[in-house]
Amino acid sequence: MHTTLDLSQYDDVTVYDDAPRRPKIHVDYLPTPSAVARRVREVIDDRHLSMEQLASDAHVDVHAVRSLYDRGLASLCDTRRVFAMLGIHVHAYPVEMVTMSL
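Residue numbers for the sequence shown follow this note's numbering, beginning at 14 and rising by one.
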């Protein structure tokens, strides 16, 4: 009997090195609106992005982008679209966003 293992997802690990590696996709933990706002500001400011262009690319209203930037709150649908454009990956969204989405 032969066993074949697909190790393609472990391309940073070799037989001789079992040191832990950082994941290729960074996942943020943003439990509060202030954490969301801080992360959104960081990405927008670092990339020198225009809020209007980001809103257009994400197919959301510019007020949603401004709200995420200033307060860290927007509907979940808009937040997901903006996060996708910014490359922000999260474990969970703040509970305050759920109430905004109802």
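We put the beta carbon where it would ideally sit given N, CA and C, even for glycine.
What's the C-alpha gap between Cys90 and Arg60?
Rounded to whole angstroms, Cys90 to Arg60 spans 23 Å at the Cα level.
Identify the continuous alpha helix (DSSP H) that holds Thr92 and give its terminal residues.
Per DSSP, Thr92 belongs to the alpha helix (DSSP H) from 89–99.
Enumerate in chain order the residues of its own chain whose CB-to-CB distance from Ser47 is below 7 Å, with the five nearest sequence positions on each side excluded.
Around Ser47: Gly85.
With H, G and I counted as helix, E and B as strand and the rest as coil, what does DSSP make of Val56?
Helix, per DSSP.
Just how far apart, CA to CA, sit Thr45 and Arg52?
If I take the Cα positions, the gap works out to 11 Å.
Checking contacts by CB at 9 Å: is His72 closer than that to chain D?
Chain labels in this structure do not include chain D; a single protein chain is all it has.
For Ala87, which residues of its own chain have a beta-carbon under 6 Å away from its beta-carbon, when the five flanking residues on both sides are left out?
These residues qualify, in order along the chain: Ala77, Ser80, Leu81.
What residue does the alpha helix (DSSP H) around Tyr82 start on, and which one ends it?
Tyr82 -> alpha helix (DSSP H) spans 75–83.
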